[in-house]
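In the working numbering, the protein residues as written are 427 to 533.
So the structure is just underneath, and the comments pick up after that.
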Amino acid sequence: MSEASQSVSVETLERAVRRMDPDLVLLCLESGVYVNDPIDRHGHTVMDVYACEHENMMKTSMSSRGRSADATRVFCEMQSNATQVLNLLRAYGAVMSGRSATRRRGL
């Protein structure tokens with residue numbers, strides 16, 4: 427096992443999902459991080475984090491200022507990464523905690 431894969435944890439997976447970093451998500455999952463481990467005392471999972479971060483990403487994209495071509499390129503890149511992350515999470519069996527609606531305050 428490489429040094430990088432020895433240091434992965436559910437916290438690393440959470441950060442990777444927040445950043446929509448498919449390469450790091452894959453590293454975490456391939457290293458054995460369980461995709462449905464709770465990330466907080468309320469039992470939320472990284473799929474809950476994904477849903478919140480994706481929503482934030484969409485809101486940010488809609489309020490983008492600048493050239494429309496640049497905004498479109500950035501949006502497409504972000505969506506591509508988000509899709510890859512979602513596909514990886516689902517491939518490893520990720521589920522939402524069921525507490526997502528009540529969690530808006532701090533996730």
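Where a beta carbon is used, it is the ideal one built from N, C-alpha and C, also for glycine.
Here the structure is a predicted model, which is why all the values come from computation and not from measurement.
Using only CA atoms, which one of the options lies nearest to residue i?
{"i": "ASP447", "options": "ALA497, TYR476, ASP496 and SER487", "result": "TYR476"}
{"i": "VAL451", "options": "GLY524, ARG467, ASP466 and MET473", "result": "MET473"}
{"i": "LEU514", "options": "SER433, ARG441 and LEU453", "result": "LEU453"}
{"i": "SER433", "options": "GLY519, VAL443 and LEU455", "result": "LEU455"}
{"i": "TYR518", "options": "CYS502, SER457 and GLY492", "result": "SER457"}
{"i": "ASN534", "options": "ARG444, ARG516 and SER523", "result": "Residue 534 cannot be examined here, being either before or after the span of the chain that is shown, 427 to 533."}
{"i": "GLY524", "options": "HIS468, GLU440 and ARG441", "result": "HIS468"}
{"i": "GLN505", "options": "MET484, ARG516 and ALA442", "result": "MET484"}
Hey, could you find the ends of the alpha helix (DSSP H) residue i is sitting in?
{"i": "HIS470", "result": "It is not in any alpha helix (DSSP H) - HIS470 carries neither H nor E in the DSSP assignment."}
{"i": "MET446", "result": "Looking at the DSSP string, MET446 is not in any alpha helix (DSSP H), and its letter there is neither H nor E."}
{"i": "MET504", "result": "494-517"}
Write down the C-beta distance between residue i and residue j rounded to the nearest angstrom, noting that I regard them as a contact closer than 8 Å.
{"i": "SER435", "j": "VAL459", "result": "7 Å"}
{"i": "VAL521", "j": "ASN462", "result": "6 Å"}
Residues in the same chain with beta-carbon distance under 7 Å from residue i, minus the five sequence neighbours each way, listed in chain order, please.
{"i": "PRO464", "result": "HIS470 and THR471"}
Excluding five sequence neighbours on each side, which residues of the same chain lie with their C-beta closer than 6 Å to the C-beta of residue i?
{"i": "ALA497", "result": "SER490"}
{"i": "THR438", "result": "CYS454"}
For residue i, which residues from the same chain have a beta carbon less than 8 Å from its beta carbon, with the 5 sequence-adjacent residues on both sides left out?
{"i": "ASN507", "result": "MET446, ASP447 and PRO448"}
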